[in-house]
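If you read the sequence shown in this note's numbering, its first letter stands for residue 317, the second for the next number, and so on.
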Amino acid sequence: MKNTWEFRENVRQPDVDLGGFDVEATDGDIGKVDDKAVRADYVIVDTGFWIFGKKRLVPAGVIERIDYDSKTVYLTLTKDQVKAAPDLDEEADRSADEWSRESYGTYYDPYSW
């Protein structure tokens, strides 16, 4: 079973706000962690101009490591894999019971630890 919605051991320091951290795919920079969208099981990445201002929900399981000194989050994904991920539905209430992780999990499971 994949750990798509869990951080790897010793990666996340819960007392540190990841908002504004740079985000690196395996082949380069893809944006920044949205200041208002850091959760225990995912972060929202604002890709800026790179993919036309789209945001991507990135589950904890594809975060390989976090460098707290350089304020950078490193993913197990390439830029193209992030670009191909499902668009973020910003209208969805992700705190509600009816919100389903299914579409994101289906995409991200193969890249999770």
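For glycine and all other residues, C-beta sits at the position ideal for the given N, C-alpha and C.
What do you reckon, are the CB atoms on residue i and residue j nearer than 8 Å?
| i | j | result |
| --- | --- | --- |
| ASP406 | LYS352 | In the sequence on display, residue 406 carries Glu and not Asp. In this structure, LYS352 does not lie closer than 8 Å to GLU406 by Cβ. |
| LYS402 | TYR423 | Before going on, a small fix: residue 402 reads as Pro here, not Lys. Result yes, Cβ atoms of PRO402 and TYR423 sit closer than 8 Å. |
Tell me the rounded alpha-carbon separation between residue i and residue j.
| i | j | result |
| --- | --- | --- |
| ASP385 | THR394 | 23 Å |
| PHE368 | ASP362 | 10 Å |
| PRO375 | ASP383 | 17 Å |
| ARG328 | THR392 | 15 Å |
| ALA408 | ARG417 | 11 Å |
| ASP343 | ASP396 | 9 Å |
| LYS387 | GLU380 | 14 Å |
| VAL359 | VAL349 | 7 Å |
Using the DSSP secondary-structure output, state which residues sit across from residue i in a beta bridge.
| i | result |
| --- | --- |
| GLY347 | VAL339 |
On the criterion of 16 or more Cβ atoms from any shown chain inside 10 Å, does residue i qualify as buried, or is it exposed?
| i | result |
| --- | --- |
| PHE337 | buried |
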